[in-house]
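In this text, residue positions in the sequence shown follow this note's numbering: the first is 1133, and each later residue adds one. See below for the structure under consideration.
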Amino acid sequence: MAAGGALVSMLGLVASPAFCFPWDIDMYRTPAVQPYAVAPRVTPSDTLPVDGEPPISLEMATVKMHNPLEPTPGNLAAGKELFLTNCAPCHGSSGEGDGPVTKILIKPAQNLVAGASKDLPDGYIYGAITDGILTMPSYADSLPPHQRWQVVLYVRSIQQAAAAAAAH
Ligand code: HEC
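Below you can see the structure in the form of structure tokens.
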């Protein structure tokens, strides 16, 4: 009897101050908010996100976007590396539309250094990189705006080099 009483009071001692026995799953049982249990906040009107960019159509980009970067050796070198990584698989390392992936596309990648493509406005090339065209993917998530402009500078430089080579 005495032993039973001692056991009850021991349990009482253990359970009441700690309250939340068993302790090992305390963290597990927190009142977590499940994804989408609460609706995401709506962006207030007339505001822009601090990070990221508002969506822009190819047409708007063509008219509105102008390259803020200068064709410095640093920007051209960065643009070249980005072009060779992201664009050359389809457009070819010299932009002539002869990359290895282009063979498997329903519509081949354009030759960027000849025909009408060589005279495209900077904003159009920027818009094409941002939005993608048909089988050309969008690079909005993988290339931040300044890298897209570096690619535009590099595309311009290979177009000029191709035009100079054709003139001789
Ligand atoms: C998966 C293959 C693929 C990749 C990678 C790709 N492109 Fe394209 N690109 C295409 C195809 C296909 C078209 C033609 C779309 C059409 O006919 O309307 C195109 C069209 C374009 C055009 C428009 C040409 C014109 O005359 O209208 C530009 C500019 C361009 N790409 C630039 C780039 C740049 C810069 C990159 C790298 C950031 C890139 N592309 C990566 C497949 C690709």
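Glycine is no exception: its CB is placed at the ideal position from the N, C-alpha and C atoms. Computed from a predicted model, the values in this text were never measured in an experiment.
Considering only the alpha carbon of each residue, which of the options lies closest to residue i?
i: E1202; options: A1298, W1281, H1300; result: W1281
i: I1111; options: D1178, L1190, Y1168, F1215; result: Residue 1111 is absent from the structure shown; the chain starts at 1133 and stops at 1300.
i: P1200; options: A1298, H1300, H1278, A1296; result: H1278
i: V1245; options: S1177, A1169, A1297, D1178; result: A1297
i: M1268; options: G1247, P1276, P1221; result: P1221
Please look up how many angstroms separate the CB atoms of residue i and residue j, rounded, as I've assumed it's under 8 Å.
i: V1283; j: I1265; result: About 15 Å separates the two Cβ atoms, so there is no contact after all.
i: G1255; j: A1193; result: 5 Å
i: N1218; j: L1285; result: Between L1285 and N1218 the Cβ distance is about 14 Å, and since that is not below 8 Å, they are no contact.
i: V1287; j: I1257; result: 6 Å
i: D1273; j: L1190; result: About 17 Å; that fails the 8 Å criterion.
Quick one: Cα of residue i to Cα of residue j, how far?
i: E1228; j: D1251; result: 14 Å
i: I1238; j: P1163; result: 51 Å
i: H1223; j: Q1242; result: 6 Å
i: A1299; j: Q1292; result: 10 Å
i: A1295; j: P1253; result: 16 Å
i: K1212; j: S1225; result: 9 Å
i: K1196; j: I1236; result: 34 Å
i: Y1168; j: V1174; result: 13 Å
i: I1188; j: G1259; result: 8 Å
i: T1204; j: Q1166; result: 49 Å
i: S1249; j: E1185; result: 26 Å
i: P1276; j: S1270; result: 12 Å
i: V1182; j: A1210; result: 25 Å
i: V1170; j: H1198; result: 40 Å
i: P1240; j: P1176; result: 42 Å
i: G1247; j: T1179; result: 41 Å
i: M1142; j: P1172; result: Legend: pLDDT at M1142 = 49, less than 50; position of this residue unreliable, value from coordinates given subsequently. If you take the alpha carbons of M1142 and P1172, they lie about 48 Å apart.
- Unbroken beta strand (DSSP E) runs of length 3 or more, entirely within the region 1161-1218: which are they? Within the region 1161-1218, no complete beta strand (DSSP E) run reaches 3 residues.
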